[in-house]
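The sequence shown begins at 1 in full-length UniProt numbering and counts up by one.
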Amino acid sequence: MRKQRPDPVETEEQEERPSKSQLKREMHALQALGETLIAMRPAERARFPLSDDMLRAIEETSRIRSHEGRRRHMQYVGKLIRKEDLTAIQAVFDSIDQEQEQRDHAFHRLEKWRERLIDEGDPAVDLFMAEHPDADRQSLRQLIRNAQREREQGKPPTSSRKLFKHLRETLSL
């Protein structure tokens with residue numbers, strides 16, 4: 001008489017359940033997210049929808065000095081993050097990234113204006129003044145002349161930096 005073996009578990013159930021390695025990767029990703037939140041300044045962190053427990057754990061991190069204690073605390077932070085609204089947290093990260101991209105774009109626009117003003121001189125000043133009538137033409141032209149002179153003499157770009165700062169203040173960026 002043969003022993004009857006139990007029926008094998010259906011493959012569909014096995015496919016739905018994540019592997020132990022996958023669960024570990026997810027937990028490490030949540031710990032990394034926690035470390036990112038801990039590394040932020042409190043003003044930046046205030047934008048995130050975090051629970052009181054999570055905020056307390058983040059504040060407590062600064063008091064932990066030992067390596068092993070910090071490692072265990074980061075596991076605790078990872079555990080707390082599982083209870084947070086990850087989609088809302090990701091939305092805040094996305095908005096921060098978008099704001100940074102806009103600042104970078106504005107910075108590049110200013111750099112292009114500065115180079116154009118130094119290269120072209122008065123015709124570029126007229127175009128800039130047409131777009132930004134509030135700008136001070138006299139100080140702008142003086143900074144441009146100084147930057148052109150520095151460039152011709154091979155000196156450090158001190159006036160070019162001052163011109164960039166003046167453009168940034170004029171455009172309120």
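For each residue, glycine too, the CB sits at the ideal point set by N, CA and C.
Check: Between the beta-carbon of I89 and the beta-carbon of F48, is there less than 7 Å?
Finding: Working through the sequence shown from its first residue, we reach residue 89 at position 89. Working through the sequence shown from its first residue, we reach residue 48 at position 48. It is a contact, given that the beta carbons lie within the stated cut-off.
Item checked: Cβ-based burial, E84 [other Cβ within 10 Å; buried from 16] -> Reading the sequence shown from its first residue, position 84 is the one you call residue 84. Buried.
Check: How many angstroms separate the CA atom of D119 from the CA atom of R151?
Finding: The residue you call residue 119 lines up with position 119 of the sequence shown. The residue you call residue 151 lines up with position 151 of the sequence shown. So the alpha carbons of these two residues sit roughly 10 Å apart.
Checklist line | Closest Cα partner of L171 within the set P156, D134, S159 | finding: By one-based count along the sequence shown, residue 171 stands at place 171. When each option's Cα is compared against that of L171, the closest is D134.
Check: Which value, in whole angstroms, describes the spacing of the CA atoms of R116 and K165?
Finding: Walking along the sequence shown from the start, residue 116 turns up at place 116. Walking along the sequence shown from the start, residue 165 turns up at place 165. Going by the C-alpha atoms only, they are around 15 Å apart.
Next item on the list: Look at L163 and R114 and say whether their C-beta atoms are less than 7 Å apart.
Entry: The count along the sequence shown starts at 1 and reaches residue 163 at position 163. The count along the sequence shown starts at 1 and reaches residue 114 at position 114. Against a cut-off of 7 Å, the Cβ pair of R114 and L163 comes out as a contact.
Next item on the list: Starting from G78, trace the alpha helix (DSSP H) both ways and give me its first and last residue.
Entry: As a position in the sequence shown, residue 78 is number 78, starting the count at 1. Start and end: 67 to 81.
Note to self: For F93, tell me which candidate among Q142, K24, M40 has the shortest Cα-Cα distance.
What the structure shows: Counted from its first residue, the sequence shown places residue 93 at position 93. Cα-wise, what sits closest to F93 is M40.
Item checked: Alpha-carbon to alpha-carbon, Q102 and residue 176 -> For the chain, the structure presents residues 1 to 173; residue 176 sits outside this window and is missing.
Check: Is F48 helix, strand or coil when you go by DSSP?
Finding: Mapped onto the sequence shown, residue 48 falls at position 48. Coil at F48, not helix or strand.
Next item on the list: Measure how close the beta-carbons of A147 and S160 come, nearest whole angstrom, since I'm counting them as under 8 Å.
Entry: Locating residue 147 in the sequence shown gives position 147, where the first residue counts as 1. Locating residue 160 in the sequence shown gives position 160, where the first residue counts as 1. The Cβ separation is near 4 Å, so the contact holds.
Next item on the list: Would you check if the distance between the CB atom of M74 and the CB atom of Q31 is smaller than 7 Å?
Entry: The count along the sequence shown starts at 1 and reaches residue 74 at position 74. The count along the sequence shown starts at 1 and reaches residue 31 at position 31. Yes, the Cβ-Cβ distance between M74 and Q31 is below 7 Å.
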